[in-house]
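Heads up: the structure comes next, in structure tokens.
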Amino acid sequence: MVGQQHIIQTLQNAIREQRTSHAYLFSGPRGTGKTSAAKILAKAVNCERGPAPEPCNECEACRRITTGAVMDVQEIDAASNRGVEEIRDLREKVKYAPTEVRQKVYIIDEVHMLTTEAFNALLKTLEEPPPHFAKLATSLLKGDVGHILQMIEGFMHEGKSADKCMENLLYYFRDLLMIKMVPDADKLTDRVLNPESFRDMAESFTKEQLFQMIDTLNRYQSEMKYAVQPQTLFEVALLKLCSIPAQGATSGQVSGSVGTAPAVSSPADGGEINRLKQQLAELEKKLDRALKGGLSGGEAASNAPSRPATRAPVSRGNSPAKLPAQLDQYVARKGSPEFVEVSKKWGQILQRVKEEKVTVHAWFMDGEPVSLLEDNVLVAFKNNIHRETTEKQANREVIERVLSEQLGRSARLVTMMLKDWTGAMEGATETPKEDFKLEPEHEDGGSGNKQPWIDEAIQLFGEDLVVIKE
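Next comes the structure, spelled out in structure tokens:
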């Protein structure tokens with residue numbers, strides 16, 4: 001037992017001097033060890049190596065009392081056995097001598113729940129106890145207990161229950177909020193003994209922080225009523241409160257700018273701001289370079305014939321392979337022999353993915369292969385949710401491993417929506433190829449002196465889509 005040294009010392013002295021009382025009353029808040037003290041005392045007075053101030057917990061009596069297998073040591077819940085008939089039955093059993101251990105011990109838990117008639121019946125046994133009997137009653141008694149304490153020895157367990165601590169903490173932060181927001185708050189804070197120090201404490205918090213703290217405590221107080229371990233829940237609530245000031249620092253600075261509270265910046269905050277400024281400057285430089293590069297590319301492409309805009313497939317995976325900037329190359333490679341090979345093996349690929357992981361197969365089967373460019377297998381999906389789930393790193397690794405295994409070479413998954421692929425195909429079909437008036441081919445198969453804009457057209461549309469005619 002921890003934290004109840006005054007009770008431990010008194011009981012140990014009584015056992016050493018063989019002056020134990022016939023009945024003890026353990027009272028105090030919930031969770032302070034009342035029932036535990038009663039059980040330990042029951043083992044101490046019945047230990048085969050004692051009576052001993054410390055039970056050995058090794059003899060047969062100690063072990064059986066711990067498991068609740070001794071008929072002479074019984075624990076009774078007064079909340080469910082609160083009638084006079086149960087107490088009269090207990091009085092009849094008390095008369096008989098113990099059969100297994102040295103003393104009979106009855107531990108009555110929640111004794112304040114007994115009815116008035118049942119409690120009066122219990123008093124008869126307390127007034128005239130048999131010599132072999134020790135009665136232990138736990139929990140706080142309601143009403144006048146002076147007459148009872150004249151017949152038995154009482155112990156008050158120190159400490160507060162977790163729910164009581166939570167309630168006091170709520171009142172504390174409530175008073176802080178009142179002092180901070182109400183001009184004349186003295187009438188609303190009767191519990192405050194030192195208003196000046198309390199007012200200084202209130203100034204160290206913003207009102208947003210106090211609102212959040214009270215809301216957090218209210219929520220945990222409601223959950224504590226049904227918690228098996230309320231002490232643990234109370235500790236979690238305290239840790240939650242400790243994290244609120246750090247989260248409220250930013251809001252405190254913002255509110256300080258409008259005059260609600262002064263914003264104080266620590267040296268660590270200044271260093272963080274400088275680091276963010278450097279990152280912002282670097283990002284602005286990268287943006288300028290990107291805009292300049294995009295402008296030059298746009299000027300080069302402005303002389304070329306206009307064609308429907310197509311979106312390139314986006315890959316979310318962290319793969320070293322570089323994706324093309326446009327869909328044209330995928331469209332051009334749709335009927336390649338390599339892609340035909342992938343289409344023929346697609347059923348086997350789906351089966352292998354299913355063998356690897358059924359959940360991945362359930363999402364991946366919605367897609368269909370539409371093109372192949374180098375090591376990139378382009379798969380189009382009808383449903384965007386299926387596509388996004390397939391793109392997750394863990395699922396992608398399974399699929400790419402199966403693709404590499406079935407194709408006999410390294411393969412990488414690229415995905416897009418089927419409607420976007422269909423639009424790209426229609427745009428490629430409608431593109432007029434006769435608009436290009438390039439130099440005629442020579443008899444040797446060359447094209448003569450190519451103009452620079454011919455190279456730009458090939459680079460823009462792809463070599464397969466550019467035909468040089470007279």
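Numbering-wise, the sequence shown is residues 1 to 470 according to full-length UniProt numbering.
Every residue gets a Cβ at the ideal spot worked out from N, C-alpha and C, and that includes glycine.
Predicted model, so just to flag it, every value in this text is computed and none were measured.
Checklist entry - For K382, which option in I349, E463 and K419 has the closest C-alpha, if you only look at C-alpha atoms? => result K419
Checklist entry - What are the start and end residues of the alpha helix (DSSP H) that includes N57? => result From DSSP, N57 is part of no alpha helix (DSSP H); its letter is neither H nor E.
Checklist entry - DSSP state of Q12, grouped into three classes? => result helix
Next on the checklist: Can you give me the C-alpha to C-alpha distance between S243 and L210, rounded to a whole angstrom?
Outcome noted: 13 Å
Item to check | From S161, N194, A290 and I179, residue whose alpha carbon lies closest to that of S204 | outcome: I179
Checklist entry - If you draw a straight line from the alpha carbon of C165 to that of C62, how long is it in whole angstroms? => result 35 Å
Item to check | Given 8 Å, three or more beta-carbon pairs between the region 40-58 and the region 77-95 | outcome: no
Checklist entry - In terms of residue numbering, what span does the alpha helix (DSSP H) encompassing M113 cover? => result No alpha helix (DSSP H) holds M113; DSSP gives it neither H nor E.
Item to check | Of the residues L122, I65, T67 and T116, the one placed nearest D89, counting alpha carbons only | outcome: L122
Checklist entry - Can you name the residues that DSSP bridges to A380? => result E368 and M416
Next on the checklist: Here's the rule: buried if 16 or more other CB atoms are within 10 angstroms of the residue's CB, otherwise exposed. What is I385?
Outcome noted: exposed
Item to check | Alpha carbon of A225 to alpha carbon of T389, nearest angstrom | outcome: Looking at the sequence shown, residue 225 is not Ala but Lys. Their Cα atoms are separated by approximately 40 Å.
Checklist entry - In terms of DSSP beta bridges, what is V73 paired with? => result V105
Checklist entry - Straight-line CA distance for I107 to P51? => result 18 Å
Checklist entry - How would you write the range of the beta strand (DSSP E) that F26 sits in, first residue to last? => result A23 to S27
Item to check | At least three beta-carbon pairs within less than 8 Å, the region 330-343 to the region 370-378 | outcome: yes
Checklist entry - Rounded C-beta distance between K357 and V414? I'm assuming under 8 Å. => result Contact doesn't hold; Cβ gap of about 20 Å is too wide.
Checklist entry - What residue does the alpha helix (DSSP H) around K43 start on, and which one ends it? => result K34 to N46
Item to check | L373, DSSP secondary structure in three states | outcome: strand
Next on the checklist: Does the distance between the C-beta of L25 and the nearest non-hydrogen atom of the ligand ATP fall short of 7 Å?
Outcome noted: As far as ligands go, the structure on display features none, and thus does not contain the ligand ATP.
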